[in-house]
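Residue numbers (this note's numbering), protein chains in the order written: chain A, 133 to 431; chain B, 61 to 464.
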């Protein structure tokens, strides 16, 4: 039997069909840097339809519909405020506890929602992927976009409470800053981070099915490792870099800094956070692309 | 000549046995632990070559039928061509957009309405929203679900579901269409509609790859056929020749003495069914047009009036070719013989037998034999012959056209 030599070939790009030079060559390959960006562009209608489907199906399935997107962070925030704020008396960086926790929820939820949607993509969609072909990256990307709408709704909730506190009784102890313009960038970083982690976990769970049970635990533990409940300022200064290895730390603290005027952000942590994000994104993409080609055989 | 729209060269696909199915982290950790302790670890449980060195080409507009036994590699080939999984070796060149129908209703979401699912399913199959919008009315009309198009699909009956799913798929316009036995669903009216649409698509110049076990469909729709056996492409040619080859290879055991199942104690059962040439020499394979003889021996364990013994001939697709009934007679306990002489030329293929014994038109015995006879592809006198269709041959002597 001839030995199998893996070749480093790339699939020729998608050209518009019906042209004479339209050609796709498929070879077994172990080339890792192969993104079907053109394929995703070609299937952009599908991407939009999937975003619409995710949103619409959630809307139709629940009794409360879109209200649920507001209730969940609200309830969580109330619980945190009462338990951690009032009962445990944890500090909140000098900010009103409700706003503090709500802001933390806001930035954390987008990451968590993406993680939950995407961390077992291959396993969850095995039926679909084994019957029809389309660039599989479309599924996690569509989740990122549909969760963005949820983020938007929760941001509106936050803004509502912000103005209530700002114009309501009591001294105004906080202020949003012009740095709010950076919020989209932070959002992009969160999206890329959650994409990377999600793809990595998808690749791992495609091989080791039993790890799907661990995912829930993982995201919960991750939250406790992020200053969502306890601000970074509470940690002794020489240990803060450890917490900052978690890229979400800087994201959550920056969001608080931007929206409420008080957060612990070091430039070094910022750079570290971005680097880790990009590394995780690269690792996730490589792992996913490698696994998705043949996972149908073993899923 | 235009370049081939599909080129497949030396395609192979290997599956590792033993690791099919979900691996568990627990298992891998255990194995690692075992190997660290120095115990021998059984890693490889062998390989399975689903496809081995398959090569073929397709020109634009061809309709290729792929046939073969279950497990021959047909679905694997389609999956690789559809990019659902990747080959182990070999190269494929595609010069057109591919749309695959490997399942009906892929991606349907139960909570969305029929209309919404048309868009979703259409997009999954590769259509743009503009395309779907253009064809929406046609699709709904084809599926006959006008009244229900805004109800969630989870409320549909299975028939409606399938009709809708197929309707979307039927309106795809890719350059290359790959279909895997999807059509064996729905009621007869719908199946006819599907085959009709398939035929329309096939004759409109679209390149189609079609996997099916329905030999009639393959004959009607395909311009060429490919036979896969254990992952190897056995033969590639006209549908008739490939189908004949396939049927010959799956032929049952040929025997001059056809074994029949035992009776159920109703008083009559066959003791032997023998095949021979007219002069009595046992023979199990006959040339086209060669006369042959079937001799049935049966036994009666009680007196029976108006006994008729019959032999039915069926081809390998279980299409009934011919049935002979003996003349009726009143018989007593004993053993009897009936000879049937066959002068009718059948076309090449396998012939299976059914024996029936009745008394006063009430069936006492009816069963199918477990071995067969075969008509070879050669005609008597070695004259060239054209045979097609199920069973009866069109002509061994072809009439000559003359002016009116």
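Yeah, the Cβ is synthetic: ideal placement off N, Cα and C, and Gly gets one too.
Computed from a predicted structure; not experimentally measured.
(message) Between residue 363 of chain B and the ligand ZN, is there a pair consisting of the residue's CB and a ligand heavy atom that are separated by less than 8 Å?
(response) As for the ligand ZN, it is missing from this structure, which has no ligand bound.
(message) So with CB distances below 7 Å, who are the chain A contacts of residue 210 of chain B?
(response) Those within 7 Å of residue 210 of chain B in chain A number zero; the least Cβ separation is about 13 Å.
(message) Which of the three DSSP states is assigned to residue 366 of chain B in this structure?
(response) In the structure shown, residue 366 of chain B sits in a strand (DSSP, three-state: E or B).
(message) Check for me: the beta strand (DSSP E) holding residue 189 of chain B runs from which residue to which?
(response) Run containing residue 189 of chain B: none in the beta strand (DSSP E); it sits in the alpha helix (DSSP H), 189-203.
(request) Compute the Euclidean distance between the alpha carbons of residue 197 of chain B and residue 191 of chain B, then round it to the nearest angstrom. (result) Distance between the alpha carbons of residue 197 of chain B and residue 191 of chain B is about 12 Å.
(message) Strictly under 9 Å for the Cβ-Cβ distance: is residue 428 of chain A near chain B by that measure?
(response) For residue 428 of chain A, the answer is yes, since a Cβ of chain B falls inside 9 Å of its Cβ.
(message) To test your reading of the DSSP string, which unbroken alpha helix (DSSP H) runs of 4 or more residues are found completely within the stretch 182-266 of chain A?
(response) Counting only unbroken stretches of 4 or more residues, the alpha helix (DSSP H) elements lying wholly within the stretch 182-266 of chain A are 199-212, 229-250, 253-256, 258-261, in sequence order.
(message) On the CB-based measure, 16 or more other CB atoms within 10 Å of its CB, does residue 108 of chain B come out buried or exposed?
(response) Of the other Cβ atoms in all chains shown, fewer than 16 fall within 10 Å of the Cβ of residue 108 of chain B; this residue is therefore exposed.
(message) So, does the stretch 179-191 of chain B touch the stretch 149-156 of chain B, judging by three or more C-beta pairs under 8 Å?
(response) Pairwise C-beta distances place the stretch 179-191 of chain B out of contact with the stretch 149-156 of chain B, as fewer than three of them are shorter than 8 Å.
(message) Can you list, in chain order, the residues of its chain with a C-beta nearer than 6 Å to that of residue 182 of chain B? Leave out the 5 residues immediately preceding and following it.
(response) Excluding positions up to five away in sequence, the list reads 192, 228.
(request) Give, in chain order, every residue of the stretch 264-289 of chain A whose Cβ lies closer than 8 Å to some Cβ of chain B. (result) So the list reads 264, 265, 266, given in the order they occur along the chain.
(message) Please state whether the Cβ-Cβ distance between residue 184 of chain B and residue 199 of chain B is less than 9 Å.
(response) Against a cut-off of 9 Å, the Cβ pair of residue 199 of chain B and residue 184 of chain B comes out as no contact.
(request) Please state whether DSSP places residue 426 of chain A in a helix, a strand or coil. (result) Of the three classes helix, strand and coil, the one that applies to residue 426 of chain A here is coil, per DSSP.
(message) For a test of the three-state rule: what should DSSP assign to residue 254 of chain B, helix, strand or coil?
(response) Three-state result, residue 254 of chain B: helix.
(request) Indicate whether the contact test is met: 3 or more Cβ pairs, each with one atom in the stretch 346-356 of chain B and one in the stretch 386-404 of chain B, closer than 8 Å. (result) They touch, by the three-pair rule.
(message) Three Cβ pairs or more, each shorter than 8 Å: is that satisfied between the stretch 240-249 of chain A and the stretch 259-269 of chain A?
(response) Because the criterion of three Cβ pairs below 8 Å is not met, the stretch 240-249 of chain A and the stretch 259-269 of chain A do not touch.
(message) Across the stretch 413-420 of chain A and the stretch 323-340 of chain A, are there enough close Cβ pairs to call them in contact, namely three or more that are closer than 8 Å?
(response) The stretch 413-420 of chain A, when compared against the stretch 323-340 of chain A, does touch it at the 8 Å Cβ threshold.
(message) Does the structure place the stretch 253-268 of chain B close enough to the stretch 114-124 of chain B that three or more beta carbon pairs sit under 8 Å?
(response) Short answer: they touch.
(request) Determine the extent of the alpha helix (DSSP H) in which residue 328 of chain A is found, giving its start and end residues. (result) Counting along the chain, the alpha helix (DSSP H) containing residue 328 of chain A begins and ends at 315-339.
(message) Which same chain residues end up closer than 6 Å to residue 347 of chain A when comparing Cβ atoms and leaving out the 5 residues on each side of it in sequence?
(response) Exclusion of the five residues before and after residue 347 of chain A leaves 251 as the residues of its chain whose Cβ lies within less than 6 Å of its Cβ.
(request) Figure out for me which residue from A:169, A:277, A:172 has the closest Cα to the Cα of residue 186 of chain A. (result) The option with the nearest alpha carbon to residue 186 of chain A is A:277.
(request) Drop a sphere of 10 angstroms on the beta-carbon of residue 435 of chain B, count the other beta-carbons inside from all chains shown, and report buried for 16 or more, exposed for fewer. (result) Buried.
(request) Give the DSSP bridge partners of residue 425 of chain B, in chain order. (result) DSSP, once it has assigned bridges, lists B:417 as partnering residue 425 of chain B.
(message) Please classify residue 375 of chain B as buried or exposed, where buried requires at least 16 other C-beta atoms within 10 Å of its C-beta.
(response) When all chains shown are included, residue 375 of chain B counts as buried.
(message) Would residue 288 of chain B and residue 128 of chain B qualify as a contact pair, given that the criterion is a beta-carbon distance under 9 Å?
(response) Against a cut-off of 9 Å, the Cβ pair of residue 128 of chain B and residue 288 of chain B comes out as a contact.
(message) So, with DSSP's three-state summary, where would you put residue 213 of chain B?
(response) Of the three classes helix, strand and coil, the one that applies to residue 213 of chain B here is helix, per DSSP.
(request) Would you mind stating whether residue 270 of chain A and residue 169 of chain A have Cβ atoms separated by less than 9 Å? (result) Result no, Cβ atoms of residue 270 of chain A and residue 169 of chain A do not sit closer than 9 Å.
(message) Let's test the definition: count the other Cβ atoms within 10 Å of the Cβ of residue 194 of chain A and tell me whether it reaches 16, buried, or not, exposed.
(response) Counting every other CB atom within 10 Å of its CB across the protein chains shown gives residue 194 of chain A a total below 16, marking it as exposed.
(request) Give the straight-line distance between the Cα atoms of residue 423 of chain A and residue 295 of chain A, rounded to the nearest whole angstrom. (result) Spanning the two alpha carbons is a distance of roughly 48 Å.
(message) Against chain A, with Cβ distances strictly below 9 Å, would residue 64 of chain B count as a contact?
(response) Answer no: the Cβ-Cβ gap between residue 64 of chain B and chain A never drops below 9 Å.
(request) With a threshold of 16 other CB atoms inside 10 Å of the CB of residue 366 of chain B, please say whether the residue is buried or exposed. (result) It counts as exposed.
(message) Only counting the same chain, and skipping five residues up and downstream in sequence, which positions put a Cβ closer than 6 Å to that of residue 433 of chain B?
(response) Once the five neighbours on either side are set aside, the close Cβ partners of residue 433 of chain B are 335, 344, 411.
(request) Would you kindly check if the distance between the Cβ of residue 425 of chain B and the Cβ of residue 323 of chain B is under 9 Å? (result) Closer than 9 Å, so yes.
(request) Can you grab the Cα-Cα spacing for the pair residue 376 of chain A / residue 200 of chain A, in whole Å? (result) Rounded to the nearest angstrom, the gap between the Cα atoms of residue 376 of chain A and residue 200 of chain A is 32 Å.
(request) Measure the CB-CB distance between residue 407 of chain B and residue 318 of chain B and report whether it falls below 9 Å. (result) Between residue 407 of chain B and residue 318 of chain B, the C-beta spacing is not below 9 Å.
(message) For residue 204 of chain A and residue 235 of chain B, what's the separation of their Cα atoms in angstroms?
(response) Approximately 48 Å between the Cα atoms of the pair.
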